[in-house]
Each structure stands twice: as C-alpha cells, then as structure tokens.
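Please read the structure below before turning to the comments.
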Amino acid sequence: IHVWDDDRRERTRPISVSAGPIHCLAASPDGKLLASGGADGVVRLWDLAPDGRSTPWVFEGHEGAVLSLAF
12 IHVWDDDRRE RTRPISVSAG PIHCLAASPD GKLLASGGAD GVVRLWDLAP DGRSTPWVFE
72 GHEGAVLSLA F
C-alpha cells in the first residue's frame, strides 16, 4: 500500500501487507488511521502518523474475504 501526502506531493512510508490481495481501504475522517481488508478475512488498522506504530492492529474472525470498510 502506498500512502501519499497530498500537501507535499510525496509518498510517505510504504505499508507492507503480505497476506494476499487487498480488496478495500478506508481512511479515518481525521486522516490518522488507515484500515485495510482483503482476501485473508483480516482487517488491519494502520497508524499513519510519521512517528506512529509501525505494525498494524489486527482484527481476525471474519468467515470470508473483507470486501468493504468504512469509518
């Protein structure tokens, strides 16, 4: 996943997800968090702050692929 800073027109740190295809993304209204969901049935919540947590919070338990997300 590549996250861009629109104001500076540059890419911020890359986010690596090695668990298969990503089907959906959702950014929090304040732009501080990014959620990803995919074929593995897991939702990952990423902290987008420059000095934020480098590993995501992981939410498991879906019976199938995660196809949509919203904040």
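Going by the working numbering, the first residue of the sequence shown is number 12, and it counts up by one from there. Cβ coordinates follow ideal geometry from the N, Cα and C atoms, glycine included.
Let me check one thing: in DSSP terms, what residues is residue i bridge-paired to?
i	result
Ala-46	Ala-37 and Leu-56
Arg-19	Answer is none; Arg-19 lacks a bridge partner.
In the DSSP assignment, find the unbroken beta strand (DSSP E) run with residue i in it and report its ends.
i	result
Val-77	From DSSP, Val-77 is part of no beta strand (DSSP E); its letter is neither H nor E.
Val-28	No beta strand (DSSP E) holds Val-28; DSSP gives it neither H nor E.
Val-69	68-70
Please report the straight-line C-alpha distance between residue i and residue j, rounded to a whole angstrom.
i	j	result
Ala-66	Trp-15	Before going further, note that residue 66 is Thr rather than Ala in the sequence given. Each residue's Cα considered, the two are about 18 angstroms apart.
Phe-5	Arg-55	As shown, the chain starts at 12 and ends at 82. That puts residue 5 outside it, with no answer to give.
Would you call the CB atoms of residue i and residue j closer than 8 angstroms?
i	j	result
Ala-50	His-34	yes
Leu-36	Leu-45	yes
Ile-26	Trp-57	yes
Relative to the alpha-carbon of residue i, which residue among the options has its alpha-carbon at the smallest distance?
i	options	result
Asp-62	Arg-24, Ala-46, Ser-79 and Arg-19	Arg-24
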